[in-house]
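Below is one structure, written out as structure tokens; comments come after it.
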Amino acid sequence: MREDLRFCPATVQDAAEVRAVAAAAFAARPSLQPPSAALTESVADVAADLDSAGGAVVRRGDAVLACLRLAFDDDVVRLRRVAVHPDHQGRGLGTRLALWTQAWLARRRLDGTLGEVSRIAVDVRRELPANKRFWEVLEYGVVPPRPGLPDHMLTLERALPAAVSVPDAEAMRALGAQLVPVLKPGDVVLLHGELGAGKTTFTQGLAAALEVRGAVTSPTFVIARVHPGSLPLVHVDAYRVGSGLEVDDLDLDTALEDSVTVVEWGEGLVEDLSADRLEVRIERSQAEADERRVVVLEAFGPRWRGVALPG
Ligand SMILES: Nc1ncnc2c1ncn2[C@@H]1O[C@H](COP(=O)(O)OP(=O)(O)O)[C@@H](O)[C@H]1O
Ligand SMILES: [Mg+2]
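The opening position of the sequence shown corresponds to residue 60 in my numbering, with each subsequent residue numbered one higher.
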């Protein structure tokens with residue numbers, strides 16, 4: 060079963076925990092001159108940030124494991140004090156928080172609650188090249204410094220991903236089908252979203268447009284199923300996979316480089332399969348009766364640069 064992490068918007072009530080996680084994470088970095096203000100800010104400072112612009116937290120049970128704050132600046136939203144508690148670093152939580160936040164912001168833009176914002180930015184310390192690299196892997200690129208930015212900081216930026224409104228299951232299949240014209244052998248598509256979100260439904264539309272053989276279902280006991288065709292589809296359901304999925308574990312009679320691989324429930328498990336990958340995040344509406352889903356598509360790696368995605 061999957062790890063019980065919850066990603067949610069941060070509120071003023073979270074200020075004490077957010078301050079504590081940020082302070083612990085920043086204290087664990089190499090000591091820098093001048094030191095980060097994250098080390099000395101008060102709960103009231105953090106509460107003021109959260110009150111004015113909001114933020115995001117990752118929780119397990121009641122504990123906050125990671126957090127960030129937002130700052131809005133014309134058409135840019137800035138991610139600030141991005142922090143993973145030192146006890147929980149090294150397991151991709153920062154990446155997942157960043158991607159969840161991007162998808163959340165993309166949904167807010169679709170809702171019309173984000174105004175003119177079209178880009179996401181982050182400032183990093185020049186002395187910490189690994190931090191710069193972290194954001195580059197997420198397709199952020201260095202931009203010229205804005206006026207007033209201290210010399211020891213660099214700014215990286217990227218476009219906000221696009222969010223698509225999907226009214227019903229048929230539209231979800233159509234969205235899966237729309238992806239097919241851009242797919243090539245070796246492509247990896249990761250589908251994220253809770254049980255019943257529509258990951259298998261999306262895959263069904265994709266499979267139909269690929270014209271591969273065999274019905275796409277939610278596999279109960281198999282992890283992966285190969286659907287033969289001129290461009291074969293490998294459909295992986297990692298719901299029951301505990302940790303780190305290896306290609307060898309899939310025991311496939313086809314080579315991934317000749318196929319399109321679609322993975323449900325791969326978050327935190329299969330990012331290592333391919334640096335070049337497409338991630339599809341499906342979110343249900345809060346209202347149970349509302350069938351609408353919002354889908355955010357994001358591509359990573361050189362394979363996808365310049366490729367127009369549906370939506
Ligand atoms: N907008 C929608 N998009 C996708 N599925 C929807 C939508 N509205 C209703 N559904 C229904 O929700 C269910 C989604 O199931 P499934 O695709 O198996 O989810 P998952 O694979 O994410 O667990 C299907 O029964 C589908 O018909
Ligand atoms: Mg499924």
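We treat Cβ as the ideally placed atom computed from N, Cα and C, and that holds for glycine.
Ligand 2 heavy atom lying under 7 Å from the CB of residue 177: no
Closest by C-alpha distance to residue 231, when choosing among 245, 256, 218: 256
Alpha-carbon to alpha-carbon, residue 319 and residue 275: 14 Å
Residue 191 beta carbon near ligand 4 (any heavy atom closer than 7 Å): This structure lacks ligand 4; the ligands present are ligand 1 and ligand 2.
Residue from 350, 356, 334 with nearest C-alpha to residue 193: 334
Cross-strand partners of residue 68 (DSSP beta bridge): 115
Neighbourhood of residue 259 by C-beta, 6 Å cutoff - its chain only, sequence neighbours within 5 removed: 277
DSSP three-state assignment for residue 364, whether helix, strand or coil: coil
Beta-carbon proximity of residue 114 to residue 127, cut-off 8 Å: A contact, by the Cβ cut-off of 8 Å.
Near ligand 2: residue 243 beta-carbon under 7 Å from a heavy atom: no
At least 3 beta-carbon pairs within less than 8 Å: the stretch 219-231 vs the stretch 151-168: Pairwise C-beta distances place the stretch 219-231 in contact with the stretch 151-168, as three or more of them are shorter than 8 Å.
Alpha-carbon to alpha-carbon, residue 205 and residue 134: 13 Å
Three-way DSSP call (helix, strand, coil) for residue 396 in this model: Here the chain comprises residues numbered 60 to 370, so residue 396 is not present and cannot be evaluated.
Beta-carbon separation (whole angstroms), residue 340 vs residue 162, contact threshold 8 Å: Their Cβ separation, rounded to whole angstroms, is 4 Å, which keeps residue 340 and residue 162 in contact under 8 Å.
Inter-residue spacing [alpha-carbon to alpha-carbon] between residue 202 and residue 215: 6 Å
Limits of the unbroken beta strand (DSSP E) element including residue 143: Unbroken beta strand (DSSP E) run through residue 143: 135-143.
Best match in 290, 364, 351, 64 for proximity to residue 150 [C-alpha to C-alpha]: 64
Contact test: residue 277 Cβ vs ligand 2 heavy atom, cutoff 7 Å: yes
Residue burial classification, residue 121 (beta-carbon count within 10 angstroms, cutoff 16): Flag for residue 121 reads exposed.
Any C-beta of chain C under 8 Å from that of residue 200: No chain C is present in this structure, which holds just one protein chain.
Heavy atom of ligand 2 within 7 Å of residue 350 beta-carbon: no
Rounded C-alpha distance that separates residue 60 from residue 224: Bear in mind that a pLDDT of 44 at residue 60, under 50, signals an unreliable position, so the number given afterwards is only what the model happens to contain. Using only the alpha carbons, I get a separation of about 29 Å.
Opening and closing residue of the alpha helix (DSSP H) in which residue 81 lies: 74-86
Where residue 50 sits in the DSSP three-state scheme: Residue 50 falls outside the range modelled here, since the chain spans only 60 to 370, and no answer is possible.
Residue 76 classed as buried or exposed, judged by whether at least 16 other C-beta atoms fall within 10 angstroms: buried
Check: residue 259 C-beta below 7 Å from any heavy atom of ligand 2: yes
Integer Cβ distance of residue 146 from residue 116, believed to fall under 8 Å: Not confirmed; about 15 Å, so no contact.
Cutoff 8 Å; reference residue 200; Cβ partners in own chain excluding five residues on either side: 215, 216, 217
Which residues DSSP lists as bridging residue 250, in chain order: Beta-bridge pairing by DSSP links residue 250 to 323, 339.
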